[in-house]
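Undergrad: Under my numbering, think of the first position of the sequence shown as 1, with each following residue one higher. Note that the Cβ used here is the ideal one computed from N, Cα and C, for glycine as well. None of the values given here were measured: they were computed from a predicted structure.
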Amino acid sequence: MAALATEGILESRHGVGVFICSETATSLERRDSTAIQTMTQFSGSFMDMLEVRMAFEVHAAGLAATRRSLAQEAEIWATVRAFEAAMSDDTALDEIDFAFHQAIIQATNNSAFIEFFTIMGRRILPADTFSRARHPALITDSYIEHTLTEHRAICVMISDGDVEGAREAMRAHLTRAHDRYRGILYHNS
C-alpha cells in the first residue's frame, strides 16, 4: 500500500480509511511517459513487432475506408503515384512506402492510431527493406511491381469505402511483406 500511496493512487486518512485518489494530470503523464518509453525500448523479436503491425495496420485500413477525407484519400493516392515514379530508386521507395502507410494511419482520424504510428512507425516499418543491393534474392523488380499493385488495391478499397476489402488488401500486402522479412532474416543469419 505504501507504494500505491507514493504513486498517488491511494490516500490514507487516519481514523477514516484508505481511499483511491483520482488520477492527477501529473500521474497520468508519468504513466503515459513510462508506457511510451517501455514500448520504444521493446526488446522482443522483430517478428513479434510485425505481428503487432499486422493487427494495427489491417484495422487502420478499415477505419480509413470509412473515415478518410477527400484530401487524405488524395494523399494516399499521391504516395502510390510517387512509388510508381521511383521504382528504380531503392532509398526513395523505402521513404515513400513509409509515407503510404503513414497516410493511411492519418486517414483513420484516430488520434491514438496516429500517436502510436508517430512513436512506433520506424520500429514497425524498418528501413532498407527495398534495397536490391542488400537483398538481391528477395527484392526484385517483380517484387517491387507487385508491391505497387498491392498498394493500388488497398487504395481502391479505401476509396470505395469498402472496409472489409481494405482490411483484406492490407492483410494480403503485409502477409507478403512478413514473408519477405522472414527471408531477409534467414539470409542474414
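#1: Leaving aside the five residues before and after Met170 along the sequence, list all residues of the same chain whose C-beta is less than 7 Å from its C-beta, in chain order.
#2: Alpha carbon to alpha carbon, what distance is there between Glu84 and Ala71?
#3: Check whether the Cβ atoms of Arg123 and Met49 sit closer than 8 Å, and answer yes or no.
#4: Leaving out five residues before and five after Phe98 in sequence, what residues of the same chain have Cβ atoms less than 6 Å from its Cβ?
#5: So what's Arg68 in DSSP terms, helix, strand or just coil?
#6: Out of Cys21, Gly165, Glu168, Thr140, point me to the one whose CA is closest to Leu93's CA.
#7: Return helix, strand or coil for Gly161, following the three-state DSSP convention.
#8: In the DSSP assignment, find the unbroken alpha helix (DSSP H) run with Arg197 in it and report its ends.
#9: Under 8 Å, do Gly121 and Gln106 count as touching if we go by C-beta distance?
#10: Hey, Ile119 and Phe100: beta-carbon distance below 8 Å or not?
TA: Once the coordinates are examined:
#1: As a working note, residue 170 is residue 170 in the sequence shown. Here the set comprises Glu57, Val58, Ala61, Ile154.
#2: The residue you call residue 71 lines up with position 71 of the sequence shown. The residue you call residue 84 lines up with position 84 of the sequence shown. Rounded to the nearest angstrom, the two C-alpha atoms are 20 Å apart.
#3: Here residue 123 is taken as the residue at index 123 of the sequence shown, counted from 1. Here residue 49 is taken as the residue at index 49 of the sequence shown, counted from 1. Cβ atoms of Arg123 and Met49: closer than 8 Å.
#4: Your numbering for residue 98 matches position 98 in the sequence shown. Excluding residues up to 5 positions away in sequence, Leu125 lie with their Cβ nearer than 6 Å to the Cβ of Phe98 in the same chain.
#5: Counting from one through the sequence shown, the residue named residue 68 turns up at place 68. Three-state result, Arg68: coil.
#6: Here residue 93 refers to the residue found at position 93 when the sequence shown is read from its first residue. With distances taken between Cα atoms, Leu93 lies closest to Thr140.
#7: For the purposes of this step, residue 161 is taken as the residue at position 161 of the sequence shown. Note: Gly161 maps to coil in three-state DSSP.
#8: Residue 197 cannot be examined here, being either before or after the span of the chain that is shown, 1 to 189.
#9: Translated into positions along the sequence shown, residue 121 becomes position 121. Translated into positions along the sequence shown, residue 106 becomes position 106. Judged by beta-carbon spacing, Gln106 lies beyond the 8 Å limit of Gly121, meaning their Cβ atoms are not closer than that value.
#10: For the purposes of this step, residue 119 is taken as the residue at position 119 of the sequence shown. For the purposes of this step, residue 100 is taken as the residue at position 100 of the sequence shown. Not closer than 8 Å, so no.
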